[in-house]
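Peer 1: My questions will all concern the structure given below.
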Amino acid sequence: MTFTTSGVPPFHTDYYLAPVSTQYPTVVATSPASNTTMSLVPYLPSDISPQSVTVNVCPSKAASTTPTSPGPVGYTVAGEAIFDPYEANGAQTPAMSDNVSYSFTNGSASETASFIDACNSHPTPTQAGYEWHHHGIPTCLVQQIDGSSGPSHLIGFALDGFPIYGGRDINGNTIAVSQLDACNGITSPTPEFPNGAYHYVLPIGVTGSRSSLNCFAGTPVASAIP
101 MTFTTSGVPP FHTDYYLAPV STQYPTVVAT SPASNTTMSL VPYLPSDISP
151 QSVTVNVCPS KAASTTPTSP GPVGYTVAGE AIFDPYEANG AQTPAMSDNV
201 SYSFTNGSAS ETASFIDACN SHPTPTQAGY EWHHHGIPTC LVQQIDGSSG
251 PSHLIGFALD GFPIYGGRDI NGNTIAVSQL DACNGITSPT PEFPNGAYHY
301 VLPIGVTGSR SSLNCFAGTP VASAIP
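All residue numbers for the sequence shown refer to the working numbering, where the first residue is 101 and numbers rise by one.
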């Protein structure tokens, strides 16, 4: 199966926060965990380039797991990338636990910009390709697919071909991190696989190092690994 991003995320705000750069040098906030200074950046769809990756959707587990690395670990059915839990600062800081927001007035409108938006997503810096991606459960997508309390349905595929789901089991119960293996995987029934299948889970409300995949249980597409 080939995933192709349209370049434009289905959910976004007009502004977000990003690490201070020469293009956007004004500091408006500092993130709490890594103390990264943030600037206000406008959403620029023209800077987002479409891309595609092909994965095997009939996967099998490998003899050993493969660690994830910065960059995409999978893609949602909406075409957005899913990254590992960490920021690209070399310090293994979970991005979801380093979030910060900045409120301001734009004309007569009140705006709030965040490092990680309400959908748990943001782009890489413009100089790093401006790739829109999630570091945890894509809440806006899941709300559309699952509703507020239903079981989690298929929301994407990892680079090793195994499916990715949100954080509820077939009965609509929240899946705890303790139920998952080291790669955030579990074998259990899902709406698409009622007899049970191995799949990854992006847990609900988790902002630390288990918010996304830390390893692959199968063999990832080598060409898609940064």
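Note that CB positions come from ideal geometry on N, CA and C, so glycine has one too.
I need the straight-line Cα distance from A213 to H235, nearest angstrom please.
Peer 2: So the alpha carbons of these two residues sit roughly 17 angstroms apart.
Peer 1: Could you give the residue range of the beta strand (DSSP E) that holds V242?
Peer 2: Taken as a continuous stretch (DSSP letters only), V242 belongs to no beta strand (DSSP E), being part of the alpha helix (DSSP H) at 239 to 246.
Peer 1: Just checking my contact of P303 with G267 at CB under 8 angstroms: how many whole Å lie between their CB atoms?
Peer 2: Their Cβ separation, rounded to whole angstroms, is 5 angstroms, which keeps P303 and G267 in contact under 8 angstroms.
Peer 1: Could you name the residues of the same chain whose beta carbon sits closer than 7 angstroms to that of T274, not counting the 5 residues immediately before and after it, in chain order?
Peer 2: Cβ within range, chain order: G267, R268, I304.
Peer 1: Shortest alpha-carbon distance to P320 belongs to which of V128, M138, S160, L144?
Peer 2: P320 has its Cα closest to that of S160, out of V128, M138, S160, L144.
Peer 1: Just checking: is the beta-carbon of V173 within a distance shorter than 8 angstroms of some beta-carbon in chain C?
Peer 2: In summary, chain C is missing from the structure at hand, where a single protein chain is found.
Peer 1: Buried or exposed: which applies to N220, given that a residue is buried once 16 or more other Cβ atoms fall within 10 Å of its Cβ?
Peer 2: Classification for N220: buried.
Peer 1: If you run the structure through DSSP and keep just helix, strand and coil, what is T166?
Peer 2: DSSP places T166 in strand when its eight states are reduced to three.
Peer 1: According to DSSP, I264 sits in a beta bridge with which residue or residues?
Peer 2: Its beta-bridge partners are G256, Y300.
Peer 1: What does DSSP give as the partner residue(s) for H235 in the beta ladder?
Peer 2: DSSP lists no partner for H235.
Peer 1: Can you name, in chain order, every residue of its own chain whose Cβ lies under 8 angstroms from the Cβ of V127, other than the five neighbours on each side?
Peer 2: The residues are V120, T137, M138, S139.
Peer 1: Using the beta-carbon count (16 or more within 10 Å), is S252 buried or exposed?
Peer 2: Buried is the call here.
Peer 1: Which of the three DSSP states, helix, strand or coil, is assigned to P119?
Peer 2: Three-state DSSP puts P119 in a strand.
Peer 1: To the nearest angstrom, report how far apart D217 and N206 are at their CA atoms.
Peer 2: Straight-line Cα distance between these residues: approximately 18 angstroms.
Peer 1: Measure the beta-carbon distance from D184 to L280 and round it to whole angstroms, keeping in mind my assumption that it falls under 8 angstroms.
Peer 2: Between L280 and D184 the Cβ distance is about 15 angstroms, and since that is not below 8 angstroms, they are no contact.
Peer 1: Between E292, S311, A258, which lies nearest to A181 when the distance is taken from Cα to Cα?
Peer 2: Closest by alpha carbon: A258.
Peer 1: Quick one: measure Cβ to Cβ for S327 and E187, integer angstroms, because I've assumed they're closer than 8 angstroms.
Peer 2: Shown here, the chain extends from 101 to 326; a query on residue 327 therefore has no answer.
Peer 1: Whose C-beta lies closer than 6 angstroms to the C-beta of E292 among residues of the same chain, with five residues either side of it excluded?
Peer 2: Around E292: L254.
Peer 1: Do you know offhand how far L117's Cα is from V141's?
Peer 2: Rounded to whole angstroms, L117 to V141 spans 6 angstroms at the Cα level.
Peer 1: If we call anything under 8 angstroms between Cβ atoms a contact, is F316 one with T165?
Peer 2: Their beta carbons are under 8 angstroms apart, which means F316 touches T165 by this criterion.
Peer 1: Anyone know if the C-beta pair for D114 and E211 falls short of 8 angstroms?
Peer 2: Their beta carbons are under 8 angstroms apart, which means D114 touches E211 by this criterion.
Peer 1: Could you pull out every residue in the same chain whose Cβ sits closer than 6 angstroms to the Cβ of S201, ignoring the five residues on either side in sequence?
Peer 2: Contacts found: T212, S214.
Peer 1: Y124 to P225, Cα distance in whole Å?
Peer 2: Spanning the two alpha carbons is a distance of roughly 11 angstroms.
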